[in-house]
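full-length UniProt numbering puts the sequence shown at residues 1 to 584. Backbone N, C-alpha and C define an ideal beta-carbon position, used for all residues, glycine too. Here is the structure we will look at.
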Amino acid sequence: MQLIGRIGAGLVGTMALVILVGWYNKITLPTLIWPGAFSMKPITALALLFLAVAVITLGRRILPFVLGVTVAAIGAVTLTEYIFGLSSGIDELIPGINFDGETSRMAPATALALLLLGASVVASRLKLTTLMLGLIITALCVSQIALQGYAYDVSSLYALGGLVSMALHSALGVTVLSLSLLLQHPSVGPVSLLQNRESAGKLLRPGILFIIFGPFALGWLILWAQRQGWFDTAFGVAILVLSMTVLGCGLIVRAAVGLRELDRQRDGIQFSLAEANSTLETTVEARTRELAEIVDKFRTVIQIAPVGIVQLNVEGGLVTANDQWLSLSGLTWQESLGDGWATALHPDDADRVLAEWKSVLSTGEGHETTLRFLTPEGHVNWVQVSTAPIRDTEQVSGYLATVTDITALRAAEARLKHLAFHDSLTNLPNRILLLDRLKQALLQAARHDLGVGVLFIDLDRFKIVNDSLGHPAGDAVLSEIAVRLGLGVRASDTVARVGGDEFVVVCPDIRSRKDVLEIADNLRKVIVEPIIIGNQIASVGASIGVVFGAGQDDVESLLGDADRAMYLAKGRERSSLQGAGGLG
1 MQLIGRIGAG
11 LVGTMALVIL
21 VGWYNKITLP
31 TLIWPGAFSM
41 KPITALALLF
51 LAVAVITLGR
61 RILPFVLGVT
71 VAAIGAVTLT
81 EYIFGLSSGI
91 DELIPGINFD
101 GETSRMAPAT
111 ALALLLLGAS
121 VVASRLKLTT
131 LMLGLIITAL
141 CVSQIALQGY
151 AYDVSSLYAL
161 GGLVSMALHS
171 ALGVTVLSLS
181 LLLQHPSVGP
191 VSLLQNRESA
201 GKLLRPGILF
211 IIFGPFALGW
221 LILWAQRQGW
231 FDTAFGVAIL
241 VLSMTVLGCG
251 LIVRAAVGLR
261 ELDRQRDGIQ
271 FSLAEANSTL
281 ETTVEARTRE
291 LAEIVDKFRT
301 VIQIAPVGIV
311 QLNVEGGLVT
321 ANDQWLSLSG
331 LTWQESLGDG
341 WATALHPDDA
351 DRVLAEWKSV
361 LSTGEGHETT
371 LRFLTPEGHV
381 NWVQVSTAPI
391 RDTEQVSGYL
401 ATVTDITALR
411 AAEARLKHLA
421 FHDSLTNLPN
431 RILLLDRLKQ
441 ALLQAARHDL
451 GVGVLFIDLD
461 RFKIVNDSLG
471 HPAGDAVLSE
481 IAVRLGLGVR
491 ASDTVARVGG
501 DEFVVVCPDI
511 RSRKDVLEIA
521 DNLRKVIVEP
531 IIIGNQIASV
541 GASIGVVFGA
551 GQDDVESLLG
561 DADRAMYLAK
571 GRERSSLQGA
581 GGLG
């Protein structure tokens, strides 16, 4: 549509340019084709050329606006000259043209049409759509009156009194430019109705040609017949009225038939739509019931799930949680809502977990972490939390988290870690931890210029207890000896079990050998005390090897010396002390 309008404007612009060239060359083109025709004035040709360029470049910002204002000004000044009897000389602005006494002023109708079309171009650039359409249609009516005057040979339609007449090609140019401007706006006005694919377009398109050309052709035929003397004016008017009535009724009937067909189609569509809606409602109800059952089952599965399941909103507030979550956190559902879930965090974990959660909310990514819950009853529950975002298209609308109880696993890990460095029966440090403690004691002794005492203890008569009372009794004896040794040493000392009935005591920060011997003697005394096991009494002794080491000594060497000293004590007499290197 817009391309057709530009082509039409281009033809008008070409015509106007040819006419301007003709004026410069003393050739008045219309009189060559149609003797007696009125010529188009140069200023009119220039204005039509400006309008043609404005229509072709209507998509630009400045040029169409300037050209529209210029054309409107030409039309307005010319009309002012006619109204007030002035002469501004605007008609002779184009240099180099000799009018040979012929008037250079355009016709009033032409000036009015140019004013309207120029103003419509300006209104188009200012987005004043309604005003633009009114101006274009008014200009089109002005040109149509002149064209009918030429077609019916009625000069009063294209000439006012003795004033200059509107040239035929001026009227044609205005008509084509008016239609071209309408075609440049296909979304509004008559063009939008013609392109409409609904009822309005279907009713308008079949009759548009008759509406435009039917009355025009009918009037021309009746006038021609009158001039031929076939009938007088009264009869011609009667024929015109009758013809218009019949043709008008025909158009109305055609429109009514079209509307009836559209109504039938609409009723059929509505009936089909009602059936489809009924089927859809039935399907939706059935599907809704199925979904409700699925939701109930899913809710039940969530409630009885062995892991905690939590739904949180996009701000991180708790929305829903199952029973396992409530059991692990120790909170009620009401206490957990919103940010209340954070109150279940162990104080030692709270800052870390909340910082991690803040980072998750800012990135919208999944997250895994391990944390502790401290219940109101004081129980500590270790949990593994896995969080995943819930996405609605591309946006995060919330989060879903699973909370797995790993308290037993953590306890088992702690137990394994403890057993790696402790004796399972007595809970005393084993050889690995003993070596580390002895190494640390030697380093500390070197810094403070002190000594380290090492006591290697082997129980006497333990095999007799084991054989006579049984292995459970032997285990009870070992456990009791471990307790007594722990009570008999200083808080900084380390008591370790390194074998079946062998114990080692590391005493850091010893000032003299005498201090070591005092500790060893105290331990020997607590060991020999009778041990009550049920209704039986067990009695064991202790052979103790004592070594006094310094910061530069080797760990294994000290233990070896203490071990040899213990065997010397055992060979000398039971329940005795033996120092290495003359100690004791």
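Taking its Cβ as the centre, do 16 or more other Cβ atoms sit within 10 Å of residue i, making it buried, or is it exposed?
i      : result
Met566 : buried
Tyr24  : exposed
Trp325 : buried
Gly581 : For Gly581, the predicted structure reports a pLDDT of 45, less than 50, and the residue's modelled location is therefore unreliable. A value from the coordinates is still provided. With fewer than 16 Cβ atoms within 10 Å of its Cβ, Gly581 is classed as exposed.
Ala109 : buried
Arg61  : exposed
Leu318 : buried
Gln536 : exposed
Thr426 : buried
Asn466 : buried
Asp460 : buried
Ile532 : exposed
Ala125 : Correcting the residue type first, residue 125 is Arg in the shown sequence and not Ala. Buried is the call here.
Gly36  : Any reading at Gly36 needs caution, since the residue's pLDDT is 42, under 50, leaving its predicted position unreliable; the model's value is listed next. By the neighbour-count rule (16 or more Cβ atoms within 10 Å), Gly36 is not buried but exposed.
Met15  : buried
Met1   : exposed
Leu371 : buried
Ile519 : buried
Asp501 : buried
Arg524 : buried
Thr31  : With a pLDDT of only 40 at Thr31, under the threshold of 50, the placement of this residue in the model should not be trusted; the figure read from the coordinates follows. Its Cβ having fewer than 16 others within 10 Å, Thr31 is exposed.
Val253 : exposed
Thr282 : exposed
Report yes if the CB atom of residue i is closer than 7 Å to the CB atom of residue j, and no otherwise.
i      : j      : result
Leu49  : Gly13  : yes
Ser143 : Ala171 : yes
Lys26  : Met106 : no
Ala562 : Val454 : yes
Leu63  : Thr57  : yes
Val307 : Ala401 : no
Val516 : Val505 : no
Gly353 : Leu361 : Gly is not the amino acid found at residue 353; the sequence shown has Val there. No; because the gap between Cβ atoms is not below 7 Å, this pair is not in contact.
Val121 : Gly68  : yes
Lys463 : Val555 : no
Val403 : Leu331 : no
Ser539 : Ala569 : no
Gly398 : Asn322 : no
Gln444 : Pro508 : yes
Considering residue i, what are the terminal residues of the beta strand (DSSP E) in which it resides?
i      : result
Phe456 : Gly451 to Asp460
Ala388 : Val380 to Asp392
Asn313 : Gly308 to Asn313
Gln395 : Gln395 to Asp405
Gly549 : Gly541 to Gly549
His367 : His367 to Leu374
Gln552 : No beta strand (DSSP E) contains Gln552, which DSSP labels as neither H nor E.
Gln536 : Gln536 to Ala538
Asp509 : Glu502 to Ile510
Val319 : Leu318 to Ala321
Ile56  : From DSSP, Ile56 is part of no beta strand (DSSP E) but of the alpha helix (DSSP H) over Pro42 to Ile56.
Ile4   : From DSSP, Ile4 is part of no beta strand (DSSP E) but of the alpha helix (DSSP H) over Gln2 to Tyr24.
Val495 : Thr494 to Arg497
Between which two residues does the alpha helix (DSSP H) containing residue i stretch?
i      : result
Phe471 : A quick correction: the sequence has His, not Phe, at residue 471. First-last of the alpha helix (DSSP H) with His471: His471 to Gly488.
Ile136 : Thr129 to Tyr152
Val77  : Leu63 to Phe84
Val528 : Arg513 to Val528
Val353 : Pro347 to Thr363
Val176 : Leu168 to Leu183
Ile432 : Arg431 to His448
In its own chain, which residues sit with a C-beta less than 7 Å from the C-beta of residue i, not counting the 5 before and 5 after it?
i      : result
Leu112 : Gly75, Leu79 and Val142
Gly316 : Trp357 and Leu361
Gly364 : Pro389 and Val396
Just to confirm my understanding: we take residue i, look at its own chain, exclude 5 residues before and 5 after, and list those with CB closer than 6 Å. What are they?
i      : result
Leu115 : Ala72, Gly75 and Ala76
Arg497 : Asp423, Thr426, Leu428 and Phe503
Leu11  : none
Arg431 : Val498
Trp341 : Leu318
Gly161 : Residue placement at Gly161 is flagged as unreliable, the pLDDT there being 47, under the threshold of 50; a coordinate-derived value is accordingly withheld.
Only counting the same chain, and skipping five residues up and downstream in sequence, which positions put a Cβ closer than 8 Å to that of residue i?
i      : result
Glu368 : Gln384, Val385, Ser386 and Thr387
Ala151 : Phe216 and Trp220
Would you check if the segment 544 to 562 and the segment 472 to 491 touch, i.e. whether three or more CB-CB distances between them fall below 8 Å? Result no; under three Cβ-Cβ pairs closer than 8 Å.
Okay, do the segment 121 to 139 and the segment 177 to 189 touch, 3+ Cβ pairs below 8 Å being the bar? Yes: at least three Cβ pairs fall under 8 Å.
Count the C-beta pairs between the segment 474 to 484 and the segment 402 to 422 that are closer than 8 Å, then say yes if the count reaches three, no if not. Judged by pairs of C-beta atoms under 8 Å, the segment 474 to 484 does not touch the segment 402 to 422, as fewer than three such pairs exist.
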